[in-house]
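First residue of the sequence shown? That's 238 in the numbering used here, and the numbers climb one at a time after it. From the three backbone atoms N, C-alpha and C, an ideal C-beta is built for every residue, glycine too. Please read these numbers as outputs of a predicted model, since none were measured by experiment. Beneath this line is the structure, given in C-alpha cells, with notes to follow.
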Amino acid sequence: MTVCARPVDNPPVAASVVLTDPTAADRIRAGTYAYDGEQVSSGWHVHDLDQIEYAWQGTVEVETAAAHHLLPPRHALWIPAGLAHRTTLRRVRTVSVFLDPQMMGLAPDRARILPAAAPIREMIMHAVRWPISRRAGDPLADTFFTALSGLLVEGLDAATPLCLPTSTDPIAAAAMRHAEGHPHAATIGAVCRAVGVSERTLRRRFAASTGLTWRQYLLHSRMARAAALLSEPGPTVLDVAIAVGFDSASAFTRAFRQHTGDTPTAYRRRVASAVG
Numbered sequence: 238m239t240v241c242a243r244p245v246d247n248p249p250v251a252a253s254v255v256l257t258d259p260t261a262a263d264r265i266r267a268g269t270y271a272y273d274g275e276q277v278s279s280g281w282h283v284h285d286l287d288q289i290e291y292a293w294q295g296t297v298e299v300e301t302a303a304a305h306h307l308l309p310p311r312h313a314l315w316i317p318a319g320l321a322h323r324t325t326l327r328r329v330r331t332v333s334v335f336l337d338p339q340m341m342g343l344a345p346d347r348a349r350i351l352p353a354a355a356p357i358r359e360m361i362m363h364a365v366r367w368p369i370s371r372r373a374g375d376p377l378a379d380t381f382f383t384a385l386s387g388l389l390v391e392g393l394d395a396a397t398p399l400c401l402p403t404s405t406d407p408i409a410a411a412a413m414r415h416a417e418g419h420p421h422a423a424t425i426g427a428v429c430r431a432v433g434v435s436e437r438t439l440r441r442r443f444a445a446s447t448g449l450t451w452r453q454y455l456l457h458s459r460m461a462r463a464a465a466l467l468s469e470p471g472p473t474v475l476d477v478a479i480a481v482g483f484d485s486a487s488a489f490t491r492a493f494r495q496h497t498g499d500t501p502t503a504y505r506r507r508v509a510s511a512v513g
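Next comes the structure, spelled out in C-alpha cells:
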C-alpha cells in the first residue's frame, strides 16, 4: 500500500486515480510508480505523500493553482503533500517517488523543479525495485529512501526557472494556452484572433488576473519553453531561438541572459554538468 490520489474541487476538475488506500494498516513511508506510455492527463488531485516526478524521456507538464511547470528530461519536480495539481504526460517515461513528508522536512509552499544530478538520477532509477504497492517492513528500502530524500532536499537549492503563472480568468487562461502551444507565432494580434477578444480587453484582463503585462508573460513563456528545450541534447541554440519566436540567435541570447542570468550555452552547460 501507500499513497492515495484524491480528487479536489478547488481548483475545479473531477477525475483522479487512486493508487492505494492511505488508511491501510501496513502503510509504508516511501515507494515508486513508473509510467511509460503515449499520453495521459490527470484531473486535479492531491497526494498524502510528497511526490518527486522524474522525467526520464519526454516532457511532463504539471499545473498547480500558482504555476504551470515544464519538466524536461533528466529533471525532477517536487510536489509537496497536499498540493493540488494536475499532470499531463505525452510520450514520456517517468518515475514518481513518493515520500513521507517528514523525510523531506520542507514547508509545503509550492512545487519546484531541480536538475537530477547523477546520484539522484541513478538512485531514482534504482528505486523502482520498491514500488509504491510493496509491503511494509523492508529496512533496506527505508534507509535507501531516507538517503535519497536528503539528496533531493540539497538539490532543490538549484531549482530551475521552468514554470509560468496561471490564471482563473477564462480569457487570460485561453491566451496562455494558445501562447504555450504556439510560442513561435504568439503575437498579441494572433492570440487575440484565436481567443476572440480585442487587444485592449486582453491586455486589461491579463494584467488584472496575473499582475503581468501580456508582453511580460509572453517573454516568461518563451524563456521557460527555451529552458526546457536547452535541457535536451538535440536542438542547437538557433533551433531553440526559432522555436520560441526569435528571428536570430543573438536576439534570443540577449533575452535569455536577461531573464536567467546565463547565456543559452552557459545554461545548457550548467544543466548538463548537474545531470551528467
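Helix, strand or coil at residue i according to DSSP, with G and I counted as helix
i: R506; result: helix
i: G268; result: strand
i: H419; result: coil
i: T296; result: strand
i: L326; result: strand
i: A321; result: coil
i: A304; result: strand
i: S278; result: strand
i: D258; result: Residue placement at D258 is flagged as unreliable, the pLDDT there being 46, under the threshold of 50; the coordinate-derived value follows with that caveat. In this structure, D258 counts as coil in the three-state DSSP scheme.
i: P345; result: coil
i: S435; result: coil
i: T497; result: helix
i: T447; result: helix
i: S458; result: helix
i: D337; result: coil
Integer Cβ distance of residue i from residue j, believed to fall under 8 Å
i: R459; j: P420; result: 5 Å
i: W293; j: P310; result: 7 Å
i: A313; j: A353; result: 5 Å
i: S333; j: Q288; result: 6 Å
i: R494; j: T500; result: 5 Å
i: A465; j: T296; result: 6 Å
i: R440; j: T450; result: 7 Å
i: W315; j: L393; result: 6 Å
i: A271; j: V365; result: 5 Å
i: L455; j: H496; result: Actually they do not touch by this definition, with Cβ atoms about 12 Å apart.
Residue i - partner residues in DSSP beta bridges
i: Y291; result: A313 and V332
i: V428; result: According to DSSP, which records beta bridges pairwise, V428 is partnered with nothing at all.
i: I350; result: L314
i: D273; result: R330
Which runs of the alpha helix (DSSP H), 4 residues or longer, sit entirely within the region 357 to 401? 376 to 392
Every unbroken alpha helix (DSSP H) within the region 463 to 494, with a cutoff of 4 residues, ordered by chain: 474 to 480
Can you confirm whether the region 282 to 290 touches the region 312 to 330 when touching is taken to mean that 3 or more C-beta pairs between the two stretches lie within less than 8 Å? yes
Would the region 471 to 478 and the region 429 to 441 be scored as touching if the rule is three or more Cβ pairs under 8 Å? Counting Cβ pairs under 8 Å, fewer than three are found: no touch.
For the 8 Å Cβ check, are there 3 or more pairs between the region 372 to 392 and the region 401 to 412? Output reads no: the region 401 to 412 does not touch the region 372 to 392.
Kindly confirm or deny that the region 342 to 355 and the region 294 to 304 touch, where touching means at least three C-beta pairs closer than 8 Å. yes
Report yes or no: do three or more beta-carbon pairs, one from the region 466 to 473 and one from the region 439 to 447, lie closer than 8 Å? They do not touch, by the three-pair rule.
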